[in-house]
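A.B. asks:
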Amino acid sequence: MEVSLFWIFSLFYIFSLLANGMIFGLICLDLRLHTPMYFFLSHLAIIDMSYASNNVPKMLANLVNQKRTISFVPCVMQTFLYLGFAATECLILVAMSYDRFVAICHPLQYTVIMNWRVCIVL
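Anchor point for the sequence shown: position 15 equals 15 in UniProt numbering, and the numbering is continuous, going up by one each time.
(1) Under three-state DSSP, which class holds THR35?
(2) SER97: buried (16+ other C-beta within 10 angstroms of its C-beta) or exposed?
(3) Which residues in the same chain as ASP99 place their Cβ atom closer than 7 angstroms to its Cβ, once the five residues preceding and following it in sequence are excluded?
(4) Can you give, in chain order, each stretch of the alpha helix (DSSP H) that sits fully within the segment 59 to 117 and has at least 4 residues?
(5) What are the start and end residues of the alpha helix (DSSP H) that includes MET1?
(6) My assumption, with CB atoms under 8 angstroms, is that SER42 sits in contact with ILE27. Please give the rounded CB distance.
(7) Please report the straight-line C-alpha distance between LEU11 and ILE120, rounded to a whole angstrom.
(8) Let me know the secondary structure DSSP gives ASP30 once reduced to three states.
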């Protein structure tokens, strides 16, 4: 049972990293995708890869090993990283929603309001 769970979660982890890496790579390579929306989407892909890389490797190691404990310091580190990634993801989603609001409600002023300086500050 644990071996099958190990392989299932390993596949999900690999697919998650590949999909988000592909999103990030395509956004970086295609110059037409260098817009504020895709800027935020690429950062969201990085956060998603960080989420997965924070918890899944230790879980996979625990599925393989008989020792299933985690010491206090790595537990606290995982918790703080998880909460930090969650807060960052929320902030990116807020910035993306503001970007879409400006694009829909003020389409003629979009390029003036959402310039690269504003994107970096957000």
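We put the beta carbon where it would ideally sit given N, CA and C, even for glycine.
Keep in mind it's a predicted model, so treat the numbers as computed, not measured.
C.D. replies: Let me spell this out:
(1) Looking at THR35 - three-state DSSP - the assignment turns out to be coil, as it is neither helix nor strand.
(2) That one is exposed.
(3) Within the same chain, ASP99 has close Cβ partners PRO36, MET37, PHE40 and MET114.
(4) Segments of the alpha helix (DSSP H) lying fully in the segment 59 to 117: 72 to 105 and 110 to 113.
(5) That residue, MET1, is in no alpha helix (DSSP H); it is neither H nor E in DSSP.
(6) The pair is a contact, with the Cβ atoms about 4 angstroms apart (cut-off 8 angstroms).
(7) Straight-line Cα distance between these residues: approximately 34 angstroms.
(8) Residue state for ASP30 is assigned as coil, using DSSP reduced to three classes.
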